[in-house]
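Novice: Quick note, the numbering used here runs 1 ahead of the 1-based positions in the sequence shown.
Ideal Cβ placement from N, Cα and C applies to all residues, glycine included.
Please read all numbers here as calculations on a predicted model, not as lab measurements.
Sharing a structure, written as structure tokens. Questions coming.
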Amino acid sequence: MPTAASARLVHRASELDVALNDLPTRPPEVGVVLADPAFFDVEYVINAHMVGNIGSVDRARARRQWEALRQTYAGLGYDIHVLDPVPGLPDLVFMANQSFPARLPTGQWAALLSYMHAPERRGEVEHVAAWYRDRDAHLVHLADAEVPFEGMGDCLWLPGRRGVVAGHGFRTQPRALGLLCETLDVPVLALELVDARFYHLDTCLSLITESTALWVPDAFTAEGRQLLQQAFDTLVEVPLDEATELLACNGHCPDRQHFIVQAGAERTNAAARALGLTVLELDTTEFLKSGGSVYCMKLMLP
Ligand code: ARG
2 MPTAASARLV HRASELDVAL NDLPTRPPEV GVVLADPAFF DVEYVINAHM VGNIGSVDRA
62 RARRQWEALR QTYAGLGYDI HVLDPVPGLP DLVFMANQSF PARLPTGQWA ALLSYMHAPE
122 RRGEVEHVAA WYRDRDAHLV HLADAEVPFE GMGDCLWLPG RRGVVAGHGF RTQPRALGLL
182 CETLDVPVLA LELVDARFYH LDTCLSLITE STALWVPDAF TAEGRQLLQQ AFDTLVEVPL
242 DEATELLACN GHCPDRQHFI VQAGAERTNA AARALGLTVL ELDTTEFLKS GGSVYCMKLM
302 LP
């Protein structure tokens, strides 16, 4: 299989040699995987949002919030899969982080498995790997070396296209992105994250289409901001208070029509409506205590 000319790691605007809406297309996702929140809690602090929240989760409330999320995706027509909970793995509910599902250039259905940055979370990956194994996915470890890589927390498929926008710095490391680019044979826009409140790319960039995104400019370097400005026709700034307190950029647009997001982010939601989206507000406040919201609680399956 010849390598696509544009399949490289792109760090700066001058290196971008392709228009994102010219990239080969990718079929829409059809399934959503959620992990049962039975053991969700804040038991350690590995991001700035978790500070002061140890032991503060109301599990019954968390379950009601998670059920509403599940109903929302089901209502949009997605097949819902639920991973069993595992005691001692309170962050397993953040299903975006342990893997990156993909079609390989051969068309084979695969999952690139994460190597979590925090030792507390490393045990999650084998449970997610087992789930994929039962569904005949080809499992890929990005490297023999232990290079942190946190799946769809830091790597976002471009909606509808074979291209990836990726963050690195706090969790995923750049070497993993080079390997991802080689494995998938797609261009990977690599953005360094510089504000600890936005430790995963999905906390500061929300892709709506291949040419439109919501973002938090302060989360990126000047080089990264220029690259995003070059790559996307429309970038809508999310107010810093809504992005930090409500993780508004962790909202998810699965289908170019709906934006599922933590309730109360008024200005972000007005901006999403101005883009023509129907905003579906949910309460994810128990999960915000752990630094996560809609986008990171689910895994989209191709
Ligand atoms: N407590 C989890 C962590 O710090 C939250 C993960 C949220 N995931 C995300 N993709 N933003 O790892």
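At a cut-off of 8 Å, would you count T308 as near the ligand ARG, judging by its Cβ distance to the nearest heavy atom?
Specialist: Shown here, the chain extends from 2 to 303; a query on residue 308 therefore has no answer.
Novice: Is E151 close to the ligand ARG? I mean its beta-carbon at under 8 Å from any heavy atom of the ligand.
Specialist: Answer for E151: yes, Cβ within range of the ligand ARG.
Novice: Among L248, G277, L276, whose alpha-carbon lies nearest the alpha-carbon of A266?
Specialist: Taking only the C-alpha atoms, the option nearest A266 is L248.
Novice: For the putative contact between L300 and V34, defined by C-beta atoms under 8 Å, what is the C-beta separation to the nearest angstrom?
Specialist: Sure, about 4 Å apart at Cβ, within 8 Å.
Novice: Go ahead and label R136 buried or exposed: buried means 16 or more other beta carbons lie within 10 angstroms of its beta carbon, across all protein chains shown.
Specialist: R136 should be labelled exposed.
Novice: Just to check my reading of the structure: L302 and R163 have Cβ atoms closer than 8 Å, yes? What is that Cβ distance to the nearest angstrom?
Specialist: Actually they are not in contact, since the Cβ atoms of L302 and R163 sit about 16 Å apart, beyond 8 Å.
Novice: Using a Cβ-based criterion (distance less than 8 Å to any ligand heavy atom), does T204 qualify as near the ligand ARG?
Specialist: For the ligand ARG, at least one heavy atom lies less than 8 Å from the Cβ of T204.
Novice: Tell me whether V31 is buried or exposed, calling it buried when 16 or more other Cβ atoms sit within 10 Å of its Cβ.
Specialist: By the neighbour-count rule (16 or more Cβ atoms within 10 Å), V31 is not buried but exposed.
Novice: Just to confirm the assignment, what range does the alpha helix (DSSP H) spanning V129 have?
Specialist: It spans 125-134 - the alpha helix (DSSP H) in which V129 sits, taken as one unbroken run.
Novice: Near D18, which residues of its chain fall below 7 Å by C-beta distance, leaving aside the five closest residues on each side in sequence?
Specialist: Excluding sequence neighbours, D18 sits near S7.
Novice: Please tell me whether, using a cut-off of 8 Å, the distance from the CB of H253 to the nearest non-hydrogen atom of the ligand ARG is below it.
Specialist: H253 Cβ: outside cutoff for every heavy atom of the ligand ARG.
Novice: Suppose the cutoff is 6 Å on Cβ atoms and the five residues either side in sequence are ignored; what does the same chain contact list for Q227 look like?
Specialist: Around Q227: A14.
Novice: On the three-pair Cβ rule with 8 Å, is the segment 106-120 touching the segment 68-76?
Specialist: Segments in contact, no.
Novice: If I'm right that E147 touches H118 with Cβ under 8 Å, what's the distance once you round it to whole angstroms?
Specialist: That belief does not hold up - the Cβ atoms of E147 and H118 are roughly 10 Å apart, past 8 Å.
Novice: At a cut-off of 8 Å, would you count D92 as near the ligand ARG, judging by its Cβ distance to the nearest heavy atom?
Specialist: Flag set: Cβ of D92 near the ligand ARG.
Novice: Classify V1 as buried or exposed, calling it buried when 16 or more other Cβ atoms lie within 10 Å of its own Cβ.
Specialist: Past the edges of the chain, shown from 2 to 303, lies residue 1, and the structure says nothing about it.
Novice: Based on the DSSP output, what are the partners of W110 in its beta bridges?
Specialist: Per DSSP, R104.
Novice: Near A244, which residues of its chain fall below 6 Å by C-beta distance, leaving aside the five closest residues on each side in sequence?
Specialist: If we look at A244 and ignore the five residues flanking it on each side, its Cβ neighbours are V217, C250.
Novice: Between A273 and the rest of its own chain, which residues show a CB-CB distance below 6 Å, the 5 nearest in sequence each way excluded?
Specialist: Correct list, in chain order: F260, V280.
Novice: Flag this pair as yes or no: are the beta carbons of H139 and L84 separated by less than 9 Å?
Specialist: Cβ atoms of H139 and L84: not closer than 9 Å.
Novice: Given L10, which residues of its chain have a CB within under 7 Å of its CB, disregarding the five upstream and five downstream residues?
Specialist: Contacts found: L178, G179, C182, V189, A191.
Novice: Are there any heavy atoms of the ligand ARG lying less than 8 Å away from the beta-carbon of H201, as far as the coordinates show?
Specialist: True, at least one ligand heavy atom lies under 8 Å from that Cβ.
Novice: For P38 and Q230, I'd like the C-alpha separation in whole angstroms.
Specialist: So the alpha carbons of these two residues sit roughly 38 Å apart.
Novice: Within its chain, find whatever has a CB closer than 8 Å to the CB of D59; leave out the 5 residues flanking it on each side and keep chain order.
Specialist: E287.
Novice: Flag this pair as yes or no: are the beta carbons of F95 and A131 separated by less than 9 Å?
Specialist: Not in contact: F95 and A131 (Cβ atoms no closer than 9 Å).
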